[in-house]
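Going letter by letter, the sequence shown gives residues 2 to 993 in the working numbering.
All C-beta atoms in this analysis are idealised placements derived from N, C-alpha and C, irrespective of residue type, glycine included.
The structure appears right after this line, and notes come after that.
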Amino acid sequence: MSFWCSLLFSALSLSLCVSFCLTETVMDTRTATAELGWISFPANGWEEVSGYDENLNTIRTYQVCNVFEPSQNNWLLTTYIDRRAAQRIYVEIRFTVRDCASIPSVLGSCKETFNLYYLETDRTVSDGIKGVEYWANAPFLKVDTIAADESFSQVDFGGRLMKVNTEVRSFGPLSKGRGFHLAFQDLGACMSLLAVRVFYKKCPSIVQNFAFFPETLTGAESTSLVIARGSCIPNAEEVDVPIKLYCNGDGEWMVPIGSCSCKAGYEPDNGNVCRACPQGTFKSFQGPGLCQQCPPNSRSTIEAATLCGCRNGYYRGDMDKPEDLCTSVPSAPRNVVSVVNQTSVMLEWHSPRDTGHRDDLSYNLLCRRCHSNERRACQPCDDSVVFVPGKQALKETRVEISKLRAHTSYTFDIQAVNGVSNKSPYPAQQLSINITTNQAAPSVVPIMHQVSSTSRSFSLSWPPPEQPNGIILDYEIRYYDKSSVLNSSMVLSETPNVVLEGLRPGTGYVVQVRARTVAGYGAYSKDMLFQTLTDDEYKSELGQQLSLIAGSLVGGVCIVSLVAIAIICTRRRQLKESVYGDKLQHLSEGHSSPGVKIYIDPFTYEDPNEAVREFAKEIDPSCVKIEEVIGSGEFGEVYKGRLKPVGKKEIPVAIKTLKVGYSERQRRDFLSEASIMGQFDQPNIIRLEGVVTKSRPTMIITEFMENGALDSFLRQNDGQFPVIQLVGMMRGIASGMRYLAEMSYVHRDLAARNILVNSNLVCKVSDFGLSRYLEEDTSDPTYTSSLGGKIPVRWTAPEAIAYRKFTSASDVWSYGIVTWEVMSYGERPYWDMSNQDVINAIEQDFRLPAPMDCPVVLHQLMLDCWQKDRNARPKFPDIVSMLDKMIRNPASLKAGTNNMVPGPPHHPLLDRGAPDLSRVSSVEDWLAALKMTQYRDSFLGSGFTSLPLVTQITAEDLQRIGVSLAGHQKKILTSVQLMRHQADDQSPTESV
Numbered sequence: 002m003s004f005w006c007s008l009l010f011s012a013l014s015l016s017l018c019v020s021f022c023l024t025e026t027v028m029d030t031r032t033a034t035a036e037l038g039w040i041s042f043p044a045n046g047w048e049e050v051s052g053y054d055e056n057l058n059t060i061r062t063y064q065v066c067n068v069f070e071p072s073q074n075n076w077l078l079t080t081y082i083d084r085r086a087a088q089r090i091y092v093e094i095r096f097t098v099r100d101c102a103s104i105p106s107v108l109g110s111c112k113e114t115f116n117l118y119y120l121e122t123d124r125t126v127s128d129g130i131k132g133v134e135y136w137a138n139a140p141f142l143k144v145d146t147i148a149a150d151e152s153f154s155q156v157d158f159g160g161r162l163m164k165v166n167t168e169v170r171s172f173g174p175l176s177k178g179r180g181f182h183l184a185f186q187d188l189g190a191c192m193s194l195l196a197v198r199v200f201y202k203k204c205p206s207i208v209q210n211f212a213f214f215p216e217t218l219t220g221a222e223s224t225s226l227v228i229a230r231g232s233c234i235p236n237a238e239e240v241d242v243p244i245k246l247y248c249n250g251d252g253e254w255m256v257p258i259g260s261c262s263c264k265a266g267y268e269p270d271n272g273n274v275c276r277a278c279p280q281g282t283f284k285s286f287q288g289p290g291l292c293q294q295c296p297p298n299s300r301s302t303i304e305a306a307t308l309c310g311c312r313n314g315y316y317r318g319d320m321d322k323p324e325d326l327c328t329s330v331p332s333a334p335r336n337v338v339s340v341v342n343q344t345s346v347m348l349e350w351h352s353p354r355d356t357g358h359r360d361d362l363s364y365n366l367l368c369r370r371c372h373s374n375e376r377r378a379c380q381p382c383d384d385s386v387v388f389v390p391g392k393q394a395l396k397e398t399r400v401e402i403s404k405l406r407a408h409t410s411y412t413f414d415i416q417a418v419n420g421v422s423n424k425s426p427y428p429a430q431q432l433s434i435n436i437t438t439n440q441a442a443p444s445v446v447p448i449m450h451q452v453s454s455t456s457r458s459f460s461l462s463w464p465p466p467e468q469p470n471g472i473i474l475d476y477e478i479r480y481y482d483k484s485s486v487l488n489s490s491m492v493l494s495e496t497p498n499v500v501l502e503g504l505r506p507g508t509g510y511v512v513q514v515r516a517r518t519v520a521g522y523g524a525y526s527k528d529m530l531f532q533t534l535t536d537d538e539y540k541s542e543l544g545q546q547l548s549l550i551a552g553s554l555v556g557g558v559c560i561v562s563l564v565a566i567a568i569i570c571t572r573r574r575q576l577k578e579s580v581y582g583d584k585l586q587h588l589s590e591g592h593s594s595p596g597v598k599i600y601i602d603p604f605t606y607e608d609p610n611e612a613v614r615e616f617a618k619e620i621d622p623s624c625v626k627i628e629e630v631i632g633s634g635e636f637g638e639v640y641k642g643r644l645k646p647v648g649k650k651e652i653p654v655a656i657k658t659l660k661v662g663y664s665e666r667q668r669r670d671f672l673s674e675a676s677i678m679g680q681f682d683q684p685n686i687i688r689l690e691g692v693v694t695k696s697r698p699t700m701i702i703t704e705f706m707e708n709g710a711l712d713s714f715l716r717q718n719d720g721q722f723p724v725i726q727l728v729g730m731m732r733g734i735a736s737g738m739r740y741l742a743e744m745s746y747v748h749r750d751l752a753a754r755n756i757l758v759n760s761n762l763v764c765k766v767s768d769f770g771l772s773r774y775l776e777e778d779t780s781d782p783t784y785t786s787s788l789g790g791k792i793p794v795r796w797t798a799p800e801a802i803a804y805r806k807f808t809s810a811s812d813v814w815s816y817g818i819v820t821w822e823v824m825s826y827g828e829r830p831y832w833d834m835s836n837q838d839v840i841n842a843i844e845q846d847f848r849l850p851a852p853m854d855c856p857v858v859l860h861q862l863m864l865d866c867w868q869k870d871r872n873a874r875p876k877f878p879d880i881v882s883m884l885d886k887m888i889r890n891p892a893s894l895k896a897g898t899n900n901m902v903p904g905p906p907h908h909p910l911l912d913r914g915a916p917d918l919s920r921v922s923s924v925e926d927w928l929a930a931l932k933m934t935q936y937r938d939s940f941l942g943s944g945f946t947s948l949p950l951v952t953q954i955t956a957e958d959l960q961r962i963g964v965s966l967a968g969h970q971k972k973i974l975t976s977v978q979l980m981r982h983q984a985d986d987q988s989p990t991e992s993v
């Protein structure tokens, strides 16, 4: 033993160091100077010795080399190690192992491996109970069997050194005690344990996106993500909430959600400090911008200013931005000129010399009417006075004023105003002008009335003009037969009434009237139509009355008839449009006929925002209420919320948001899904409620599906639905895909994860954004192919993988995979095979086997969908028809079902789906590989204590020993079937 010890330490020259982002060491034998004091059993097993490392530092090691003695079982137990709240522990072991082939005359069974165990406990294990019985039944949990990458033989004359191995293992979750012991088991190796370092990982405290995140322990599993809540650094405020980071199993921060930014008056400094703006500068907004110098005519006398105040006599308008310069009010207009025409006046003027350094100059006109004998006694003008183009906010330096009183004095004040005139304590500067009107012609007669009517004449009357503008001398009446516009006649009347005679019976006449004063004629009134009676209608007074009644009835009938005709035409048009609309849902394969509705790619628009405006409804953000986070998408988080449209009932909705800091391309890609969804209207397609694009955050709002994604919903309800109900769900998916195919839309990413389920178990196709995966990089292994490109390989037809040939036929292939997912309650297609293995297997004509209890007709439907020739696959209308027949004939779903999970046809690629017998040596290891260690005691207690016995297990046996979940039964039985294939393929020499 001393020979091996001296040889070992004389040869030690290699030192390896493994570092992580941030680790906390709880035990390190390299720093020990005294004896370690670990417990070994038996006494002639592990031996503690001293030596030197490569830096000549004294270290304590353990070694064992009983290879000349048979049946070795040597245990080494460390002292108690406090885990310090860590849930997953890492062990770094440095060791050397002697090559068994280099040891002559070995009598026992030589090994080149050893086992690592751990024991959770709240206190130190006493040394007094370490007898043979305790070690034979040691309650340790195995971490791993550790083998050397390189072993060494005896030093040769060339001075070759022994090889030092460094291995790192981890275990967890730890929750049963405050600490643990490590145990090393030697079964016959010649080795030395040079150093043992025990540590755990944590993410360091960090400032990111102006938020502080504290030091955080990693989770219990290597794939765990631990949420750390952040808080804004001083002088920063939240932008998006919640603010959080995820600490992964390697002690690295990832997936930042939410952020902070420097608030107004502060600017970022080196990305982790918000510094106050110095005097003379300002920052008016929260965000990443820097402080700016105060604009002209303004100043700031304090630090952290959010606005620079204007100097005396300068102001900011209501719509001015903080970075705009301060401006002043304009001077008065100049050089006004007036032209009076009877009771109208035209005013023109020049712009002010000083506009106040603004470009929003406008003019207001104030009108006052004054008494002729006392100019100071003025009052506002009547509301009847007309200003063209107006009297407020005029942009032009000209205005026409009409409908003034005749022979009246007026004063007009022309004010120049701009965007800060309302800020000044002084009235606006103005230019005034006085004018006096002349005599004016009378205004228009507003209306005429028919007093009586005969077959040759009718009597008319009218009220005087509202503004006679003097004494009415007479009225001129012009009239003509409505069928002969060019032949008009005129008569004069000194009173506001007239009798027009010499007319034709039963004829309509257009009549106009105008008044005259000394200033001349006013304008004609509007055209008015009056009707003479027929000769028969005029025979008697009673006849006249009856004629009037008849005329009224005829008029009423005409109106009713017109209304009826309009309603009938409208109904016919609607019916035609309805039939036409039904036809829009049908599209022949490969071409479109006029009038058929076809999907329009939003990326064909020169401006993608135009597609959003055309196909998606803009929603007022005040109608949207966000309630809780339900997921995380590619562009941001997904929320559950409520939508309350104006005048409508509030409904639950799902809200996809665009995360802060997005690029214009990300915004375009994000909204493209809304442009696609907005074109679809079918019960099995997710419904788009609308978008929010005019405020932050940008949102896509869809109907809320209570049961979420189909794959996870099925896994949560494993074995809970009858086959007929599963077929109904598949029928809904096929119906939605039939609609998309008729629209000439190819989904490209049809999978159970992209099917949503509502509270009534209605399935709806969703997620129309695969195009971005075909263009951009992604770390999602689902969308990765070693052949290049980003495709969901397990769901994609072979021609689409090889040639990017995506058609409705490739969607049919994907539908077959979805059917398999449904019948297997969310099992992963092709199990744990790699994407490349899946591609190779399909090329070799392998197809997925029928899931347990799957009717033969359904598996045949899957196989039809997986035809290599895409033209041989069924169309979606055919699939809907087939499923309808199954639903109408439930007996077809019972015949020929698979009561046992069939193992797939033997294929070398498929053996990777179950533990390899060469690597799994016990029932415990096999269950651990399946992640079902909770059934360990049940298997062992029921007599299944070895792998050969396990391979004979049946579904009835699983029910008897307590495995009641259908999903667990399928997984175990599938693994058993695959292990049988492995066992059958092994030759006698291979099994030794």
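So what does DSSP say about residue i, is it helix, strand or coil?
i, result
"Ala429", "coil"
"His860", "helix"
"Asn755", "helix"
"Lys886", "helix"
"Met706", "coil"
Using the Cα positions of residue i and residue j, report the straight-line distance between them to the nearest angstrom.
i, j, result
"Val400", "Tyr525", "25 Å"
"Ile973", "Val857", "22 Å"
"Glu704", "Glu828", "27 Å"
"Glu477", "Arg335", "45 Å"
"Met727", "Gly180", "Note on residue identity: the sequence assigns Leu, not Met, to residue 727. Each residue's alpha carbon lies about 49 Å from the other."
"Pro622", "Glu690", "13 Å"
"Gln393", "Ala655", "48 Å"
"Lys869", "Phe847", "11 Å"
"Ser594", "Phe616", "Residue placement at Ser594 cannot be trusted, given a pLDDT of 41 that sits under 50; what the coordinates show is reported in the next sentence. Approximately 22 Å between the Cα atoms of the pair."
"Val1", "Ala190", "Residue 1 lies beyond the range of the chain shown here (2 to 993); nothing can be said about it."
"Pro331", "Ser664", "43 Å"
"Cys261", "Ile620", "27 Å"
"Lys932", "Val647", "52 Å"
Following the continuous alpha helix (DSSP H) through residue i, name the residue where it begins and the one where it ends.
i, result
"Trp821", "Ser809 to Met824"
"Pro799", "Pro799 to Tyr804"
"Glu611", "Pro609 to Phe616"
Name the two residues that bound the continuous beta strand (DSSP E) containing residue i.
i, result
"Tyr63", "Thr59 to Cys66"
"Val337", "Arg335 to Asn342"
"Tyr247", "Ala237 to Cys248"
"Pro257", "Trp254 to Cys263"
"Asp145", "Leu142 to Ala148"
Any idea if residue i is buried or exposed, counting beta-carbon neighbours within 10 angstroms, 16 or more meaning buried?
i, result
"Thr571", "For Thr571, the pLDDT reaches just 46, beneath the cut-off of 50, and the residue's location in the model is therefore unreliable, although a value from the coordinates is still provided. Exposed, since its Cβ has fewer than 16 Cβ neighbours within 10 Å."
"Pro381", "exposed"
"Ala86", "exposed"
"Gln64", "buried"
"Gly231", "buried"
"Gln680", "buried"
"Asp750", "buried"
Subject >> Stretch pair the segment 445–460 + the segment 529–539: three plus CB contacts closer than 8 Å >> reply: yes
Original post:
Are the segment 880–892 and the segment 711–731 in contact at 8 Å, needing three or more beta carbon pairs?
Top reply: yes
Original post:
Is it a yes or a no for the segment 443–457 touching the segment 341–359, going by three-plus beta-carbon pairs under 8 Å?
Top reply: no
Subject >> Given 8 Å, three or more beta-carbon pairs between the segment 282–289 and the segment 302–322 >> reply: yes
Original post:
Between the segment 112–125 and the segment 96–104, are three or more C-beta pairs nearer than 8 Å?
Top reply: yes
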